[in-house]
Amino acid sequence: MSESYFGSQPSPEEIGERVEGYASWLEIDLDRLGFNLEQIRKRVGVEVLPCVKSDAYGHGVVPVAAYLGREGVGRVLVAKLWEAVQIRGAGLDIGVVNMDPLFRRDQYDWVVGHDVVQTVYTRDHGRGVSDAARKQEKEVGVFVKVDTGLGRVGVRHEMAADLIEHVDGLAGVSVAGMFSTFTEEREFDGVQLERMLALDSELRRRGVEVETKSMASSNAIFHFSESFLDAVRPGLMLYGLYPEPEDRGAGVELRPVLSFKARLEHVKWIEG
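Going from the sequence shown to our numbering is simple: count from 1 and add 91.
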């Protein structure tokens, strides 16, 4: 599907003609995106689950998802349902994990019907996915967001095993993954990782196997290799930005994907 998407896009010459009338524009170099992806793959050795939230950090969620799919990425993370809608609307079949909560039955129906993996962290979320799956006679996977200490959305780690066991037992639903977000405070990040590993151990004791565990985003990819687990979720670094200034000396070359360009409009001399 990615190839057909790119095959329908304007040629570089046509794009050049279209921007001739503009004083400024952005250029997105997808080859640099691919270069950064390869640097991440070399560093981590596990699945790379790119974050394409906020319209792929302003780079364009559809072309970025299409390119990542062409480069062998199996699935991407979105933060808003409209991003998943755009990806599917463009005809892309790359896997999509939606982190946006759903509020209506038709939203659950759409997600299940378009093979989007929904993130859940309450029993109501799980029930919504199950109802849609049973209606469409499908078996679907979900991801569970776990709060290991940051305090954002997610089921608290102390209650996560009960929720995951419950959701995994719902009709038409299995828990395919669970993930959490670090505070990016080095000592406490270690505590958070221990909580996630303890949760996984408890689930295994209960006979629940969660295939994908993920903790690390861009900062941890540079600073906390023990947290790579089954998948990492790069955001900023995928687009060529370093999480911290000192990371430039960490031996990982990143290339900015976006460049801002403008025409020189007028030059003149004035009296001083």
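Ideal Cβ placement from N, Cα and C applies to all residues, glycine included. A quick note: this is a predicted structure, and the numbers were derived from the prediction, not measured.
Worksheet item: Residue range of the alpha helix (DSSP H) that Leu121 falls in?
Response: Leu121: member of the alpha helix (DSSP H) spanning Leu121 to Val135, first to last residue.
Worksheet item: For Asp238, which residues does DSSP report across the bridge?
Response: In DSSP, Asp238 forms a bridge with Arg247.
Worksheet item: Quick one, which of Ala181, Gly240, Gln177 and Val169 has its alpha-carbon nearest Thr210's?
Response: Its Cα nearest to that of Thr210, the residue Val169 stands out among Ala181, Gly240, Gln177 and Val169.
Discussion item. Quick check on the burial criterion: 16 or more other C-beta atoms within 10 angstroms. Buried or exposed for Ser99?
Written reply: Classification of Ser99: exposed, given that the 10 Å Cβ count is below 16.
Worksheet item: Given 8 Å as the limit, is there contact between the region 307-319 and the region 270-289, that is, 3 or more CB pairs closer than that?
Response: Here the region 307-319 lies against the region 270-289, with 3 or more beta-carbon pairs under 8 Å apart.
Fill in: Close-in-space but distant-in-sequence residues of the same chain around Val137 (CB under 8 Å, 5 per side omitted)
Only Phe319, Leu320, Asp321, Ala322 and Val323 meet the Cβ criterion.
Worksheet item: Straight-line CA distance for Leu441 to Glu111?
Response: Here the chain covers residues 92 to 363 and nothing more, so residue 441 does not appear.
Discussion item. Is it buried or exposed, Met250, if we count other Cβ atoms within 10 angstroms and call 16 or more buried?
Written reply: By the neighbour-count definition (other C-beta atoms within 10 Å, threshold 16), Met250 is an exposed residue.
Item to complete: Have a look at Pro141 and Leu183 and give me their C-alpha separation to the nearest angstrom.
Response: Roughly 16 Å between the two C-alpha positions.
Fill in: Contacting residues, own chain, Cβ-Cβ under 7 Å from His150 (five flanking each side not counted)
The answer, listed in chain order, is Ile119, Tyr330, Val348 and Leu349.
Worksheet item: Does the Cβ of Val164 have 16 or more other Cβ atoms within 10 Å, making it buried, or fewer, making it exposed?
Response: Buried, because 16 or more other Cβ atoms sit within 10 Å of the Cβ of Val164.
Worksheet item: Taking all protein chains shown into account, do 16 or more other C-beta atoms lie within 10 angstroms of the C-beta of Asp291, making it buried, or fewer, making it exposed?
Response: The residue in question, Asp291, is buried, as its Cβ has 16 or more Cβ neighbours within 10 Å.
Fill in: Collapsed DSSP secondary structure at Met190 in the structure displayed
Three-state DSSP puts Met190 in coil, outside helix and strand.
Worksheet entry | Pairwise C-alpha distance: Val155 and Val167 | Each residue's Cα considered, the two are about 10 Å apart.
Worksheet item: According to the neighbour-count rule (16 or more other Cβ atoms, all chains shown, within 10 Å of its Cβ), is Glu174 buried or exposed?
Response: Buried, by the Cβ-count rule.
Worksheet item: Which term fits Phe351, buried or exposed, when burial requires 16 or more other beta carbons within 10 angstroms of its beta carbon?
Response: Exposed, by the Cβ-count rule.
Item to complete: With distances taken Cα to Cα, identify the nearest neighbour of Ile312 among Asp122, Gly245, Glu335 and Ile106.
Response: It is Glu335.
Practice prompt. Using 10 angstroms around the beta-carbon of Phe270, count the other beta-carbons present and answer buried if the total reaches 16, otherwise exposed.
Written response: Buried is the call here.
Practice prompt. Tell me whether Ser102 is buried or exposed, calling it buried when 16 or more other Cβ atoms sit within 10 Å of its Cβ.
Written response: Ser102 comes out exposed.
Practice prompt. Please name the residue, chosen from Gly298, Phe279, Lys171 and Gly268, that lies closest to Gly232 on a Cα-to-Cα basis.
Written response: If we check each option's Cα against that of Gly232, Gly268 comes out closest.
Item to complete: Take Arg297 as the anchor and find which of Ser316, Phe315 and His257 has the nearest alpha-carbon.
Response: With distances taken between Cα atoms, Arg297 lies closest to His257.
Worksheet entry | Per-residue DSSP class, three states only, for Ala181 | Coil at Ala181, not helix or strand.
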